[in-house]
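Numbering (this note's numbering), first residue to last: 3 to 310. First up is the structure itself, then whatever we jot down about it.
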Ligand code: GLU
């Protein structure tokens, strides 16, 4: 039985085993503020439903969550728009990099899914259209989910991303051309850069994602309400689209729904059982954390537990 396992011991063993991979890859530097992060940080935090939390390394250090924020914004947008949301974006894996422009053009401005940048910009636009103060609403939601009132935006990272957001600006203008962006491009880009800049620790993330792991009860946090099938849908999109053009590989290796960010964070959930967050800034060529994937692959292998 799951709760009889010594997860703490398993995690500690895994962290030792994956050391040979610790120097592979490098941290993201296309957002200048991310280039100065210590690439050798490593943390992991497991929140077991109805069990004890387990942790190792720099699990309490805050880092830039980047695209993991797209799960929070999707939850808010789905709560606001319901099924209508899918009129403006799809739910199919893209098989393209996170900031790809080509697919958006030949699919006439309808992003494949909410987790590539094009889709996340449409989702950000939805939040701006519905909420008086989307920035405040977003951060209050994340604070409540994580149970940590000190979670906040990083103005430095947000500015740094906004100043160099050439590709995201191109995507946003293409969306505008196809009338799939209702607010001014600049406002959407600023809000998107802000939500990506949120800083959280592995502990904050694992605790926040417990709400998605509780897949058999409705979601009701800080004014964001989702039915059981709404939670199922978010987990399903994490499974199929959470790792850009590496979503198939992550599913193959790890077998859990999850979401990565170029800050080196990965969070994954085992519905009805646990949520787990890992952070290591060194990325592979797809923008996903090398040690993060290794740790999760070992974890589901050692425990013989995945959704498959
Ligand atoms: N803010 C980043 C960008 O849009 C997010 C990318 C990511 O984490 O994958 O470039």
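Using N, Cα and C, we set each Cβ at its ideal position, and we do this for glycine too.
- Partner residues in the beta bridge of residue 228, as assigned by DSSP, are 221.
- For residue 48, the enclosing beta strand (DSSP E) starts and ends at 45–50.
- In the DSSP assignment, residue 118 falls outside any beta strand (DSSP E) and carries neither an H nor an E.
- Using a Cβ distance threshold of 8 Å, residue 73 and residue 261 count as a contacting pair.
- Remark: C-beta atoms of residue 183 and residue 87 do not approach each other more closely than 8 Å.
- In the three-state reduction of the DSSP assignment, residue 276 falls in the strand class.
- Runs of alpha helix (DSSP H) with 4 or more residues, each lying fully within the segment 177–206, are found at 187–198, listed in chain order.
- Shown here for residue 132: same chain residues with a beta carbon closer than 6 Å to its own, the five before and five after excluded, namely 82 in chain order.
- For residue 17, the enclosing alpha helix (DSSP H) covers residues 9–19.
- Distance from the CA of residue 137 to the CA of residue 303, rounded to the nearest whole angstrom, comes to 39 Å.
- Secondary structure note for residue 57: its beta strand (DSSP E) is the uninterrupted segment 56–59.
- With a cut-off of 8 Å on Cβ pairs, the segment 185–201 is in contact with the segment 158–174, counting three or more such pairs.
- About 5 Å separates the CB atoms of residue 247 and residue 97; that is less than 8 Å, so the two are in contact.
- At least 8 Å separates the beta-carbon of residue 264 from that of residue 279.
- Residue pairing for residue 88: DSSP places it in no beta bridge.
- The distance from the Cβ of residue 48 to that of residue 9 is about 6 Å, consistent with a contact at the 8 Å cut-off.
- Exposed is the label assigned to residue 26, since fewer than 16 other Cβ atoms lie within 10 Å of its Cβ.
- If the five residues before and after residue 243 are omitted, its C-beta is found closer than 6 Å to the C-beta atoms of 95, 115, 117 and 249, all from its own chain and listed in chain order.
- Secondary structure note for residue 250: its alpha helix (DSSP H) is the uninterrupted segment 249–255.
- If you look at residue 291, you'll find it isn't in any alpha helix (DSSP H); DSSP assigns it neither H nor E.
- Distance from the CA of residue 66 to the CA of residue 203, rounded to the nearest whole angstrom, comes to 9 Å.
- Of 44, 135 and 102, the smallest CA-CA separation from residue 176 is found for 102.
- With 6 Å as the limit, the residues whose C-beta approaches any heavy atom of the ligand GLU more closely are 68, 69, 100, 101, 119, 163, 170, 198, 263, 264 and 289, in sequence along the chain.
- As computed with DSSP, residue 268 is found in a beta bridge with 262 and 280.
- Beta-bridge pairing by DSSP links residue 28 to 285.
- Under the DSSP assignment, residue 94 falls outside any alpha helix (DSSP H); it carries neither an H nor an E label.
- Taking the Cβ atoms as the reference, residue 20 lies roughly 4 Å from residue 296, within the contact range of under 8 Å.
- Shortest Cα-Cα distance from residue 299 to any of 30, 16 and 7 involves 16.
- Residues of the same chain with a CB within less than 7 Å of the CB of residue 213, apart from the 5 flanking positions on each side, are 147, 221 and 223 in chain order.
- Residue 66 is bridged by DSSP to 201.
- With a beta-carbon spacing of about 6 Å, residue 237 and residue 273 fall inside the 8 Å limit used to define contacts.
- Here residue 22 is exposed. Its C-beta has fewer than 16 other C-beta atoms within 10 Å.
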